[in-house]
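See below for the structure under consideration.
In the working numbering, the protein residues as written are 12 to 763.
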């Protein structure tokens with residue numbers, strides 16, 4: 012099912028007709044929806060020139076004067092029409108699509124300009140749409156869903172709210188759009204908008220979950236063409252993943268125990284454990300392959316027997332033996348179905364108590380939603396749109412292998428004299444041996460359902476078999492404790508890609524999240540627990556994240572009080588909110604040399620549509636998803652805190668000295684967010700800029716000044732603009748009652 016939508020802005024010119032025909036052939040389109048034909052009468056000959064041959068059927072909606080006009084063309088061999096309906100703003104064509112179950116209705120839309128007329132159209136479409144069959148709404152909706160779908164163009168929140176409510180009420184979903192972010196361009200004012208789209212019902216997604224939308228370049232219109240296509244591509248096999256339902260199978264438990272106990276390995280405990288996990292994994296996969304065949308055949312057999320006996324019971328009285336057999340078959344059938352639901356629940360990654368539903372359709376829907384959101388259908392590579400799996404996986408491998416590679420082999424070190432230090436008692440507490448009880452407690456604090464890392468094992472199987480597994484795990488942890496290193500592969504992780512924007516077109520639009528293995532997670536959680544007990548002693552008070560006893564709200568409250576004091580006493584001050592570029596991904600390891608044992612063994616594979624790329628070495632950054640990463644990051648940020656404090660002591664930077672013996676406030680931090688405050692002074696802000704650049708050279712953490720904002724209090728907007736240009740940052744909005752919420756928006760949202 013390939014559908015092309017285009018706002019042609021007038022179909023009378025020959026070059027536009029030829030353009031549509033070329034696109035139809037190149038994209039192998041079976042249905043075309045055209046908006047704004049601007050042609051009062053379209054004959055079959057006119058339509059044939061667009062289509063390219065006589066094998067067609069079509070429906071026309073006349074324009075109103077010189078505006079509007081709609082046209083639908085389709086291949087009658089592929090789409091057998093049963094009914095059509097047209098109005099001023101849409102054409103609906105219903106029928107049977109070859110190879111597509113159920114009735115399908117395609118609605119080609121050209122929405123009006125005014126908000127009142129659009130509301131009437133949404134009502135009409137809601138009344139027109141029934142709940143049966145497959146529905147596809149597409150075309151020029153003349154409205155956006157979110158503010159970031161417009162650039163240099165006015166955004167109407169009321170129109171957007173009406174449109175989003177229509178989508179919800181109609182039960183529609185939108186496919187991600189590849190290749191371009193906007194579909195409409197207006198030269199006057201250099202304005203961009205995304206007003207063309209495809210909206211489909213849940214039934215359609217269930218049948219075609221792999222479909223995707225691509226925006227094609229504009230040529231003879233100010234609108235991009237958009238194409239809906241199913242993509243049948245093989246990105247390779249998914250990695251092994253353990254399902255907790257297997258522990259309910261007695262044969263599996265026997266197979267697992269025999270495999271674990273029979274393995275004979277040589278080497279250090281980490282190498283032995285890694286090899287043992289691989290050996291057991293291979294045995295499980297062989298068992299699962301045979302079990303799947305048997306279970307599938309048994310379930311089909313039980314369903315047939317239950318249905319056959321039900322038919323017999325309707326025709327005659329059945330004996331007690333037959334009734335007992337019928338009852339037993341029903342119980343076995345329900346047991347097998349309940350196991351399948353447990354697997355669906357685990358795949359859906361949702362909490363039963365919160366989103367619980369006994370209908371497996373609920374879980375299928377959750378899985379499809381995640382798959383649709385995260386699936387990569389194509390990438391813009393070197394200016395060309397690429398959809399081949401091998402090209403996409405190669406690009407992902409190269410992109411992230413370079414991203415996590417240290418670019419500077421030698422970096423200057425910060426002077427460590429003024430760093431806060433642990434007491435002797437605290438140092439001794441860190442050197443206490445890790446006990447088996449501590450290891451077991453960490454394992455039992457981990458959730459049962461997740462099997463996200465390369466080893467694929469959940470903590471459910473570890474807990475269920477603790478008596479036979481614990482010895483290997485304890486030896487593994489003790490080996491790391493004494494040698495501070497892990498063998499290659501013991502600390503590998505998958506990198507899953509989460510879209511940062513609605514319509515990602517390149518790998519820069521995805522956030523890499525690391526999925527670590529269960530064995531390394533045990534070590535990471537143990538180290539994180541140890542760090543938590545002492546980290547408050549070495550982290551400055553200005554850092555309010557990940558330190559026990561501190562809260563995200565501390566920074567906004569302090570800043571708010573500082574600004575209130577400055578307003579009362581008519582003080583001039585600046586506030587610089589900085590944004591680090593890819594903070595977690597860029598931190599230098601030599602800067603964190605005390606934890607190199609957990610870092611230097613890091614290897615990663617990128618999951619592209621569930622299939623891993625080749626493995627590559629990580630040489631910079633801390634992994635988002637690793638329990639240790641937040642603590643390592645705030646330790647790294649402590650270097651910046653020390654540098655700023657030294658600058659204040661040397662009078663190179665003027666913070667704000669609060670009255671009544673209050674503290675000197677120069678900056679506050681929350682994880683990778685930092686806010687600098689001081690008396691308005693051009694020299695102070697320049698010194699601050701120099702410190703941030705030195706910190707980047709030493710740590711690898713670079714400030715993105717293009718995303719950072721400078722605020723001012725008690726100074727003119729012209730002065731703020733001048734200073735922002737000097738720093739190369741953005742100017743903050745006019746200072747008002749909502750400024751604090753604006754500055755801390757992301758963190759407060761996360762807190763709530």
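C-beta: ideal position from N, C-alpha, C; glycine also.
Sequence-distant partners of residue 187 (beyond 5 residues in either direction) whose C-beta falls short of 6 Å from its own C-beta, in its chain, are 514. For residue 90, the uninterrupted beta strand (DSSP E) segment begins and ends at 90-97. Residue 13 sits close to residue 40, with the two beta carbons spaced by under 7 Å.
Between the region 611-630 and the region 393-411, the count of C-beta pairs closer than 8 Å reaches three or more; the two stretches touch. Membership of residue 212 in any alpha helix (DSSP H) is not indicated; the residue belongs instead to the beta strand (DSSP E) covering 207-212. Secondary structure within the region 477-522: the beta strand (DSSP E) runs of 3 or more consecutive residues, fully enclosed, are 503-510 (chain order). Partner residues in the beta bridge of residue 241, as assigned by DSSP, are 222. The closest CA to that of residue 711, considering only 510, 415, 521, is found on 415. In the DSSP annotation of this structure, residue 388 is not part of any beta strand (DSSP E), being labelled neither H nor E.
Per DSSP, residue 445 lies in no alpha helix (DSSP H) and is assigned neither H nor E. Residue environment: residue 681 is assigned as buried (16 or more neighbouring CB atoms within 10 Å of its CB, all protein chains considered). By the CB criterion at 7 Å, residue 150 and residue 46 fall inside the cutoff. Sequence-distant Cβ neighbours of residue 269 in its own chain, meaning closer than 7 Å and more than five residues away, do not exist here. Sequence-distant Cβ neighbours of residue 69 in its own chain, meaning closer than 7 Å and more than five residues away, are 58, 82, 83, 84.
Three or more Cβ pairs drawn from the region 683-695 and the region 656-669 lie within less than 8 Å of each other, which places the two stretches in contact. Following the DSSP letters along the chain, one finds residue 685 inside the beta strand (DSSP E) bounded by residues 684-690. Under the three-state reduction of DSSP output, residue 547 falls in the helix class. In the three-state reduction of the DSSP assignment, residue 215 falls in the helix class. Counting only the Cα atoms, residue 134 lies some 16 Å from residue 119. By the neighbour-count criterion, in which 16 or more other beta carbons inside 10 Å mark a residue as buried, residue 554 falls on the buried side. Going by beta carbons, residue 106 and residue 145 fall outside the 7 Å limit.
Under DSSP, residue 204 shares a beta bridge with 161, 195. In chain order, 665, 666, 675, 677 place their CB closer than 8 Å to the CB of residue 659, counting only its own chain and leaving out the 5 sequence neighbours on each side. Shown here, residue 177 sits in a helix according to DSSP, grouped into three states. The residue among 694, 724, 469, 684 with its C-alpha nearest the C-alpha of residue 716 is 684.
Taking 7 Å as the cut-off, the beta carbon of residue 722 is found no closer than this to the beta carbon of residue 568. Between the region 234-247 and the region 187-201, the count of C-beta pairs closer than 8 Å reaches three or more; the two stretches touch.
When 559, 410, 390, 645 are compared, the shortest CA-CA separation from residue 523 is found for 410. Ranking 97, 527, 538, 648 by CA distance to the CA of residue 591 puts 648 first. A distance below 6 Å between beta-carbons, with the five flanking residues on each side excluded, links residue 289 to no residue of its chain.
Judged by beta-carbon spacing, residue 487 lies within the 7 Å limit of residue 281, meaning their Cβ atoms are closer than that value. Within the same chain, 720 come within 6 Å of residue 741 by CB-CB distance, once the 5 residues on both sides are set aside. Assignment of residue 227 by DSSP, reduced to helix, strand and coil, places it in the strand class. Each residue's CA atom was taken as its position, placing residue 64 and residue 24 some 19 Å apart.
Under the DSSP assignment, residue 57 falls in the alpha helix (DSSP H) whose first and last residues are 55-62. 7 Å or more divides the Cβ of residue 76 from the Cβ of residue 49.
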